[in-house]
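One structure below.
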Amino acid sequence: MSQDQHISCALAGEEVSLLAAKALYWPRKKILVLGDLHLGKAAHFRKHGLAVPATVEEDNLKRLASLIEWLRPTEIIFLGDLFHSSMNRSWDQFASFLKAYPRLRRCLVIGNHDILPKTSFQEAELLLHPSLHIPPFTFTHDRDADCTGFNIHAHIHPSFRLRGLGRQSLKLPCFVIDRKKRYAVLPSFGAFTGSSMVSKGKHQDIFLCTGTSISKLS
Amino acid sequence: MRPWKNWKNYLETSPNIRHSDKEASAAQSAFAMAEDWFAQRGWTPFAFQRDTWSACLKGKSGMLNAPTGSGKTYAVLLGAIMAILRKHKEHPNTKAKPGLRVLWITPVRALSKDIYHATKTFLQESGTPWEVGLRTGDTSAAERNRIRKKPPQILITTPESLHLLMASKAYKEFFDSLSFLVADEWHELMGSKRAVLLELALSRLRSISTIQVWGISATIGNMQEAMNVLMDEGERSVFVRANINKRIEIQSIIPDEMDQFPWAGHLGLKQSKALLPIIWNSKSTLIFTNTRSQAEIWYQHLLELDPELAGQMAMHHGSIDRSLREWVEDAIHEGRLRCVVCTSSLDLGVDFRPVESIVQIGSPKGVARFVQRAGRSGHSPGAVSQIHLLPTNALQLIECAALKRAIERGDMESRPPYIRSFDVLIQYLITLAVSDGFEPESTYQEVKSTHCFASLSRDEWLWILRFITQGGESLSAYEEFQKVSIDEDGLYRVHNRGIAQRHRMSIGTIVSAPMLKVKFQKGGFLGTVEEWFLSRLNPGDTFWFAGRPLELIRIREMTALVRLSANKKGTIPSWQGGRMPLSAMLSENLRAIMDKLGSEASEIEEIRAIKPILEKQESLSALPERNEFLIEKIRTREGYHIYMYPFEGRFVHEGIASVIAYRLAKRKAASFSIAFNDYGFELLSDQDIAIDQAIDDGLFSVDGLSRDILSSLNHSEMAMRRFREIAGIAGLVFRGFPGQAKKDKHLQSSTQLFFEVFKEHEPGNLLFKQAYEEMLTFQLEEARLRHCLERIDRQSKKLIEPPKPSPLCFSILVDRLREKLSTEKLEDRIRRMIAEKE
Chain A
1 MSQDQHISCA
11 LAGEEVSLLA
21 AKALYWPRKK
31 ILVLGDLHLG
41 KAAHFRKHGL
51 AVPATVEEDN
61 LKRLASLIEW
71 LRPTEIIFLG
81 DLFHSSMNRS
91 WDQFASFLKA
101 YPRLRRCLVI
111 GNHDILPKTS
121 FQEAELLLHP
131 SLHIPPFTFT
141 HDRDADCTGF
151 NIHAHIHPSF
161 RLRGLGRQSL
171 KLPCFVIDRK
181 KRYAVLPSFG
191 AFTGSSMVSK
201 GKHQDIFLCT
211 GTSISKLS
Chain B
1001 MRPWKNWKNY
1011 LETSPNIRHS
1021 DKEASAAQSA
1031 FAMAEDWFAQ
1041 RGWTPFAFQR
1051 DTWSACLKGK
1061 SGMLNAPTGS
1071 GKTYAVLLGA
1081 IMAILRKHKE
1091 HPNTKAKPGL
1101 RVLWITPVRA
1111 LSKDIYHATK
1121 TFLQESGTPW
1131 EVGLRTGDTS
1141 AAERNRIRKK
1151 PPQILITTPE
1161 SLHLLMASKA
1171 YKEFFDSLSF
1181 LVADEWHELM
1191 GSKRAVLLEL
1201 ALSRLRSIST
1211 IQVWGISATI
1221 GNMQEAMNVL
1231 MDEGERSVFV
1241 RANINKRIEI
1251 QSIIPDEMDQ
1261 FPWAGHLGLK
1271 QSKALLPIIW
1281 NSKSTLIFTN
1291 TRSQAEIWYQ
1301 HLLELDPELA
1311 GQMAMHHGSI
1321 DRSLREWVED
1331 AIHEGRLRCV
1341 VCTSSLDLGV
1351 DFRPVESIVQ
1361 IGSPKGVARF
1371 VQRAGRSGHS
1381 PGAVSQIHLL
1391 PTNALQLIEC
1401 AALKRAIERG
1411 DMESRPPYIR
1421 SFDVLIQYLI
1431 TLAVSDGFEP
1441 ESTYQEVKST
1451 HCFASLSRDE
1461 WLWILRFITQ
1471 GGESLSAYEE
1481 FQKVSIDEDG
1491 LYRVHNRGIA
1501 QRHRMSIGTI
1511 VSAPMLKVKF
1521 QKGGFLGTVE
1531 EWFLSRLNPG
1541 DTFWFAGRPL
1551 ELIRIREMTA
1561 LVRLSANKKG
1571 TIPSWQGGRM
1581 PLSAMLSENL
1591 RAIMDKLGSE
1601 ASEIEEIRAI
1611 KPILEKQESL
1621 SALPERNEFL
1631 IEKIRTREGY
1641 HIYMYPFEGR
1651 FVHEGIASVI
1661 AYRLAKRKAA
1671 SFSIAFNDYG
1681 FELLSDQDIA
1691 IDQAIDDGLF
1701 SVDGLSRDIL
1711 SSLNHSEMAM
1721 RRFREIAGIA
1731 GLVFRGFPGQ
1741 AKKDKHLQSS
1751 TQLFFEVFKE
1761 HEPGNLLFKQ
1771 AYEEMLTFQL
1781 EEARLRHCLE
1791 RIDRQSKKLI
1801 EPPKPSPLCF
1811 SILVDRLREK
1821 LSTEKLEDRI
1831 RRMIAEKE
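Quick look at the structure:
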């Protein structure tokens, strides 16, 4: 794994890694944090006759597997919108995928899309939380301005438009870190999840992910 | 309604009447019916009408090339009725067997009403006991049901409604007695995906019943091709031309004081006073503008200029509520309006006999569009169509001259038909699957028989079948894709009711930018405005719409609530679709005029009028002569500007400018901002560019052009824009409807998301590839761009560094500003810039 696949930075005095693979890693605690997987979205569409390529679902799990292989975390925190909609076979796929990692602790901070019955999550041994506080961080799905810790959240699927020569432009998923308001936003991890454009605020840092590399916007 | 009241007078003096016809005797009785009816009305048939009748009687298909208001409807309608009567050996006055016999396809609703009344008039007066029905998007559910249960002998409909009929069960029985299909105003459908809809429907109808097909078309550049698209291969078809030469008289409104006339601008209000005598001297005047915002501005301005127009003037454009538009159309028809400010929304449709004068504000950018508009006046054949052209800036006078030249030469734009529109094919196959299902092999043969899909390979066909049954290439173990299933009998069908319902709702949807409804708070619908315009306004802001100042109260869901505002100053919505590029045909004529600008005394009045500006251009820079290509370099506070003038229209200029900027930046790192209009383009950089060396090294070479286009332009963004429509037509996106369940909400997505996921996971997807094909063909017009570069490469380059902006580059400079500033501020800015220049 080469250098430009992650960038280390200090948040609230803790060192974390922002990964080109659109995830955050907290080395001291060995925690991997992922936002907005929207598993089962492609399957949900296909079930209703909208032809999203079926390989999208496999792609999500493949990328997740290679992250786990690489980092060997002891815990994963999903920052909500883990599953896109009502039950379909992608959930079984995901549940059996998790069985391969029996000692991996997994938490889900509930997101607005997570409408599956609680029992389904529990069967996959996911610990459910409305929000999760592990000092110095508070993990939520959407921003919580009143939370006690440095807020790490997802939900908005941030991306940034880079403009180049001529009329070239490129839209890339990104991390947004605001040191003044004390929060960090993760890009959406899932494929076929879409994004919303953000601009760079005054006290913000933006890190652009290309999938294979990550770079800080100067 | 009596459509041909004034016919008698000119018919008697028409030189084209032929009284004997060899074939006539064979079909005497059928002919007699038509002739009797004409005689009863005091008319004598034209030669082209008799020719059409006898061709129809002989069982032929064909194309009638005739302009609006020439009597084309009765030529084909009576021909169809005669042919059918003879086929069934029926007497005109006996009760006809039930069942659909004639399908009359029109592109617009307004026109279909007109045809309906004309048909009714004939059936009644001639005592032919046939029924005629009308089925468009407006038709009530009850009437649609009645038509389906008891089909009329003649049905007037649109391509979309025709597909909806094919989406209902047992459609084959509905069509099995069909003998005749008419594609009216075929030139309007040609060059659009709606023509593909008709081609596909025809391929199926031909397998159900033997039909004669007739197209009716105004003159276009590719007449033969237009006919081939409609006709069955191997069929010997007839081409009939109506020799009615409508004379068009063009009057350019030339400003009195040329030195006061702006060098650039698109509004043209400066000369508005010149319109008043035209308006007051004719019974009724149509004033055509190119954009909806321009119509709003002119309407408001004319009212201020002459308050007496209040109550006698109306406005008509595509965003205004349909009922209001229909009221305006009726009022024009009945001669109750002195003047109407309108857009292309009135290009087509009903005959407006009371209209005596036409005014076109700004260049119409295309010959065909102009001729169509000119034809809106002087509706009796033989009458001279008078059209006044009001240029909005000095350079547009050259465009006026180019238009005159084109019309004199009989030049007309071509409408190239769409080919390989996989999105439409997918929609059509699902339509068939929703009703009675389709058999793949025979359907493949039918589809391949159309012009659009003649080159469809078996592999592509199999891909499409997989796409609608499996949702793409891969079939994983966890497959749950549901759309079209293959039944045991081998037929492809849709079984899921939700999918069938969503499909019926989306047939023929024309995809456009999201629109918001504009409504009074107290009720009353005004029309629709593009979302991006309203999203820039805050509650309390005033804007002009439908000729009234409105105050925005709030936006709720997809509706903007407004009240009348006392504030007369307000923003005017601009619509994105409004900026048409100069057509290839008009560009060609424009360059021909430009070639001769250098010569001393011009015989063209428009060119004589702009003499002072041409002299200024010559003294500051140069006038490009024949086989010369002018390049200007200027340094301003903004940086280093390079101007080039290919005179090829804005789309082509956008492409060329990007390619040139890319090639220059490749030689030496530099960044450019690009601006362009219909005459040329500007490259602005913060450093001096050694353009002469670059030219020597092949700056304009066509070698590697395709590659450079793809690397210079944001091609994926442009292809994305095309993909939006494709995804809508192919049914990939589901927009949802009010009150939907959460599960349905979870089905919403953007076309962009689909585009990206195809790019990554399924680059071989035919819909994805189609987006790129369409971008190259229609957006960039790659072929035209290539020709243009070849021409420039051959020309000798004239590089000049004028001391200050020349009139030619000034027009681009202003266009560039326009992108950034609102209308009002722009006027101020231009005024200031002119002051600085003097």
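Protein sequence lines correspond, in order, to chains A and B. First residue of the first sequence? That's 1 in the numbering used here, and the numbers climb one at a time after it. First residue of the second sequence? That's 1001 in the numbering used here, and the numbers climb one at a time after it. We treat Cβ as the ideally placed atom computed from N, Cα and C, and that holds for glycine. Just so you know, these numbers come straight off a predicted model, no measurement behind them.
The residue among Ile-1248(B), Trp-1186(B) and Gln-1260(B) with its C-alpha nearest the C-alpha of Asn-1228(B) is Trp-1186(B). By the Cβ-count criterion, His-1316(B) is buried, with 16 or more other Cβ atoms from all chains shown falling within 10 Å of its own Cβ.
Following the DSSP letters along the chain, one finds Asp-1051(B) inside the alpha helix (DSSP H) bounded by residues 1047-1057. Contact check between the stretch 1663-1680 of chain B and the stretch 1631-1645 of chain B: three or more CB pairs, one atom from each, fall below 8 Å, which counts as touching. Within the same chain, and ignoring the five residues on either side of Lys-1404(B) in sequence, the residues whose Cβ sits closer than 7 Å to its Cβ are Ile-1250. The beta carbon of Val-1757(B) sits closer than 8 Å to some beta carbon of chain A. Contact check for Ala-1401(B) and Ile-1613(B): beta-carbon distance about 13 Å, past the 8 Å limit, so the pair fails to qualify.
The Cβ atoms of Asp-1184(B) and Leu-1111(B) sit closer than 8 Å to each other. Cβ-Cβ separation between Thr-148(A) and Thr-140(A): approximately 11 Å, too far for a contact (criterion under 8 Å).
Spatial neighbours of Arg-103(A) in its own chain (CB-CB distance under 8 Å, excluding positions within 5 residues in sequence) are listed in chain order as Thr-74.
Annotated three-state conformation of Glu-1473(B) is coil, per DSSP. The DSSP-derived three-state label of Asp-205(A) is strand. Just measuring C-alpha positions, the residue of Pro-1416(B), Glu-1632(B) and Pro-1440(B) sitting nearest Gln-1224(B) is Pro-1416(B). The stretch 1048-1062 of chain B makes contact with the stretch 1076-1095 of chain B; the number of CB pairs closer than 8 Å reaches 3 or more. Asn-151(A): member of the beta strand (DSSP E) spanning 150-153, first to last residue.
Take the alpha-carbon of Leu-1425(B) and the one of His-1163(B): they are about 12 Å apart. Selection Glu-1439(B), Phe-1525(B), Leu-1586(B) and Ile-1468(B) evaluated against Arg-1650(B) yields Leu-1586(B) as nearest (Cα-Cα). Rounded to the nearest angstrom, the gap between the Cα atoms of Leu-1181(B) and Leu-1103(B) is 5 Å. When secondary structure is reduced to three states using DSSP, Asp-178(A) falls in the strand class. For the stretch 1485-1504 of chain B, residues whose beta-carbon sits nearer than 9 Å to a beta-carbon of chain A comprise Val-1494, Asn-1496, Gly-1498, Ile-1499, Arg-1502 and His-1503. Taking 8 Å as the CB threshold, Ala-21(A) stays off the interface with chain B.
Asp-144(A) and Ala-1264(B) have their C-alpha atoms spaced approximately 53 Å apart. Close partners of Gln-1482(B) in chain A (Cβ separation under 8 Å): Arg-46, Lys-47, His-48 and Gly-49. By the Cβ-count criterion, Lys-1060(B) is buried, with 16 or more other Cβ atoms from all chains shown falling within 10 Å of its own Cβ. Judged by DSSP secondary structure, Glu-1632(B) falls within the beta strand (DSSP E) whose first and last residues are 1628-1636. At a cut-off of 8 Å, the C-beta of Phe-1676(B) has no neighbouring C-beta in chain A.
Under the three-state reduction of DSSP, Thr-1073(B) is assigned to helix. A straight line joining the alpha-carbon of Lys-1270(B) with that of Ser-199(A) spans about 42 Å.
Val-1757(B) sits buried, since 16 or more C-beta atoms from the chains shown fall within 10 Å of its C-beta.
Judged by their CB atoms, Ile-7(A) and Lys-180(A) are not nearer to each other than the 8 Å cut-off. Taking C-beta atoms under 8 Å as the contact rule, Val-1367(B) and Met-1412(B) qualify, at a distance of about 6 Å. The beta carbon of Ala-191(A) sits closer than 8 Å to some beta carbon of chain B. Counting C-beta atoms within 10 angstroms of its own C-beta, Glu-1603(B) has fewer than 16 neighbours from the protein chains shown and is therefore classed as exposed. Annotation: the continuous beta strand (DSSP E) that includes Gln-1212(B) extends over 1212-1217. As a beta-bridge residue in DSSP terms, Leu-127(A) pairs with Cys-107(A). If you check each beta-carbon in the stretch 81-96 of chain A against every beta-carbon of chain B, the ones closer than 9 Å belong to His-84, Ser-85, Ser-86, Asn-88, Arg-89, Ser-90, Asp-92 and Gln-93.
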